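Just below is one structure, and these are the notes that go with it.
There are 2 protein chains.
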Amino acid sequence: MMIRQLFDLETSTYTYLVADPVAGVAALIDPVREQVDRDLQLLRELGLTLTHVLETHVHADHVTAAGTLREKTGATTYASGAGAPCVDVHLRHGDTVQVGAITITARATPGHTDDSMSFSVPGAVFTGDALLIRGCGRTDFQNGNAAQLYESITQVLFALPDDTLVYPGHDYRGRLVSTIGEERRFNPRLAGKSREEFVAIMDQLGLPPPKYIDIAVPANRGCGVTPTA
Amino acid sequence: MMIRQLFDLETSTYTYLVADPVAGVAALIDPVREQVDRDLQLLRELGLTLTHVLETHVHADHVTAAGTLREKTGATTYASGAGAPCVDVHLRHGDTVQVGAITITARATPGHTDDSMSFSVPGAVFTGDALLIRGCGRTDFQNGNAAQLYESITQVLFALPDDTLVYPGHDYRGRLVSTIGEERRFNPRLAGKSREEFVAIMDQLGLPPPKYIDIAVPANRGCGVTPTA
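If you read the sequences in order, they're chains Z and Y.
The opening position of the first sequence corresponds to residue 27 in my numbering, with each subsequent residue numbered one higher.
The opening position of the second sequence corresponds to residue 27 in my numbering, with each subsequent residue numbered one higher.
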């Protein structure tokens, strides 16, 4: 299994290439529209065919490349059933996606948004904006729910082995990867915190609205190519 | 062996933590002064003692954290003999540095600057600004020399196995890692190019001077704490 992490500097978004180099097939998780050329070039150079595009949720801070990549490569697009209506396949908790010899397992982790899903492979989990490095996604829009996020992180993600690599959807301080064990022990919003304490922390964040939410959410419900209401 | 890649968003600089978690010791390669708190927190949380700080060269685009880290942790600082006079140990091509069970080998790769060194561990090489992803460091200041850089890349770095991970000093397009095989085949300045063609490419880049060179180079010759002439 090959995992390549990619970064969009404008929005601090991580995209992940997960590939079976022997079978010559690849999935992209959370690709960014402005990076389509970069990502297609990398796939070409690595001799990989893009077969799957997975979205962890309907993003509010950048526009997905899912629709463009589907048009250009024929890849199948995936998201939660509560997610973008435009995707080809809506996943439920526990569903698996097969990329060559790699089994990707969908794990519903709502709370940042109601459609948030994490995707796990042996030894690693792609957490979108549910669990970030020493942080987590905000819960004050898109049907976010702090109590639900607490359950998603502590019951679903923290149930994974401690040495599981955590690949988040963003980081704003230049950290690229963490582990479940690190986040269980050192995430300041979660380590030793009850659900009530977590909810209180999230309720007091007082963050400004995301700059691009009014553009990004409708665009992403249309896979970045067909804005929908 | 644990490798953690870290990113400074302001200067697009990569810092690398290379650790032996069993022995509880770590090296930092090319730490950035503005990220000292982040990096010390990570070391603390991972239960690692910083024993070594390695500089790939005297940087022109950011100020090193080497001196500050030495003061705060007692770590020993390393660079090329042609590099910053402030470091504790000047390395020559082929010298090794032992971090717990990990042997780091110094490989002189001058050309971007006359003091440029790459550092290799089994399966990976930290190339500083000698070899970048699908590019290379510029050669028009600090005794840079394009012909010399061509030799460093093609004779020293490309002599490593094709599957060796290439961890560069920077990337400006959100790419984090490459391999020797990829760069041999797809680096547009080097793949299929003669030394003369490479020198011609480098001579025609016409880049503006780095914004911080007049501050960064003297600061870095003093390990980021004592500016020197």
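Using N, Cα and C, we set each Cβ at its ideal position, and we do this for glycine too.
Since we're looking at a predicted model, the values are computed, not measured.
State the Cα-Cα distance for the pair Z:Q168 and Z:Y40, rounded to the nearest angstrom. Locating residue 168 of chain Z in the first sequence gives position 142, counting from the first residue. Locating residue 40 of chain Z in the first sequence gives position 14, counting from the first residue. A direct Cα-to-Cα measurement between Z:Q168 and Z:Y40 gives close to 21 Å.
Could you tell me whether the region 36 to 53 of chain Z touches the region 189 to 208 of chain Z, using the rule of 3 or more Cβ pairs below 8 Å? As far as the Cβ criterion goes, the region 36 to 53 of chain Z touches the region 189 to 208 of chain Z, which means the pair count is three or higher.
Skipping 5 residues on each side, what residues in its chain have a beta carbon closer than 8 Å to that of Y:D46? Counting from 1 along the second sequence, the entry for residue 46 of chain Y is found at position 20. Excluding positions up to five away in sequence, the list reads M27, M28, A52, V125, G126, A127, I128.
Indicate the three-state DSSP secondary structure (helix, strand or coil) for Y:R247 in the structure shown. Position 221 of the second sequence, counted from the first residue, corresponds to residue 247 of chain Y. Reduced to three states, the DSSP call for Y:R247 is helix.
Is Z:Q280 helix, strand or coil by DSSP? The structure shown has nothing for residue 280 of chain Z, since chain Z only spans 27 to 255.
Extent of the continuous beta strand (DSSP E) run through Z:Y40: One-based indexing of the first sequence puts residue 40 of chain Z at position 14. Secondary structure note for Z:Y40: its beta strand (DSSP E) is the uninterrupted segment 39 to 46.
Just reading off the alpha helix (DSSP H) that Z:T99 is part of, what are its end residues? As a first step, residue 99 of chain Z is located in the first sequence; it is residue number 73 there, counting from the start. In the DSSP assignment, Z:T99 falls within the alpha helix (DSSP H) that extends over 92 to 99.
Kindly list, in the order they appear in chain Z, the residues whose Cβ is closer than 8 Å to that of Y:L32. As a position in the second sequence, residue 32 of chain Y is number 6, starting the count at 1. Within chain Z, the residues G200, R201, L202 have their CB atoms less than 8 Å from the CB of Y:L32, given in chain order.
Give the DSSP-derived three-state secondary structure of Y:Q230 in the structure shown. On the second sequence, position 204 is the one that residue 230 of chain Y refers to. Reduced to three states, the DSSP call for Y:Q230 is coil.
Below 8 Å between beta carbons is the criterion; list the residues of the region 207 to 222 of chain Y that meet it against any residue of chain Z, in chain order. Those residues of the region 207 to 222 of chain Y that come within reach of chain Z (Cβ to Cβ, closer than 8 Å) are E208, R211, F212.
Return the residues of the region 56 to 85 of chain Y that lie within a Cβ-Cβ distance of less than 8 Å from chain Z, sorted by chain order. Within the region 56 to 85 of chain Y, the qualifying residues are Q61, R64, L68, E71, L72.
Measure from the C-beta of Z:A157 to each C-beta in chain Y and report whether the shortest distance is under 8 Å. Against the first sequence, residue 157 of chain Z aligns to sequence position 131. It is Leu, not Ala, that sits at residue 157 of chain Z in the sequence shown. Cβ-Cβ to chain Y under 8 Å: no for Z:L157.
So with CB distances below 9 Å, who are the chain Z contacts of Y:L191? Translated into positions along the second sequence, residue 191 of chain Y becomes position 165. Within chain Z, no C-beta atom comes nearer than 9 Å to that of Y:L191; the closest sits roughly 11 Å away.
Check whether the Cβ of Z:L233 lies closer than 8 Å to any Cβ atom in chain Y. The residue you call residue 233 of chain Z lines up with position 207 of the first sequence. Chain Y contact via Cβ: absent.
Using the beta-carbon of each residue, which ones in chain B are nearer than 9 Å to Z:L95? Among the chains of the structure shown, chain B does not appear; the protein chains present are Z and Y.
Exposure label - Y:Q31; buried when at least 16 CB within 10 Å: Walking along the second sequence from the start, residue 31 of chain Y turns up at place 5. The residue in question, Y:Q31, is buried, as its Cβ has 16 or more Cβ neighbours within 10 Å.
If you draw a straight line from the alpha carbon of Y:G120 to that of Y:I159, how long is it in whole angstroms? If you number the second sequence from 1, residue 120 of chain Y lands on position 94. If you number the second sequence from 1, residue 159 of chain Y lands on position 133. Roughly 24 Å between the two C-alpha positions.
Status (buried if at least 16 other CB within 10 Å, exposed otherwise) for Z:G250: The residue you call residue 250 of chain Z lines up with position 224 of the first sequence. By the Cβ neighbour-count rule, Z:G250 is buried, with 16 or more other Cβ atoms within 10 Å of its own.
In terms of residue numbering, what span does the alpha helix (DSSP H) encompassing Z:I55 cover? The count along the first sequence starts at 1 and reaches residue 55 of chain Z at position 29. Per DSSP, Z:I55 is not a residue of any alpha helix (DSSP H); the beta strand (DSSP E) it occupies stretches across 51 to 55.
Quick check: the region 62 to 73 of chain Z against the region 219 to 231 of chain Z, are at least 3 beta-carbon pairs closer than 8 Å? Output reads no: the region 62 to 73 of chain Z does not touch the region 219 to 231 of chain Z.
Proximity winner among Z:H83, Z:T165, Z:N171, relative to Z:A132 (alpha-carbon distances): In the first sequence, residue 132 of chain Z corresponds to position 106, counting from 1. Per the Cα distances, Z:H83.
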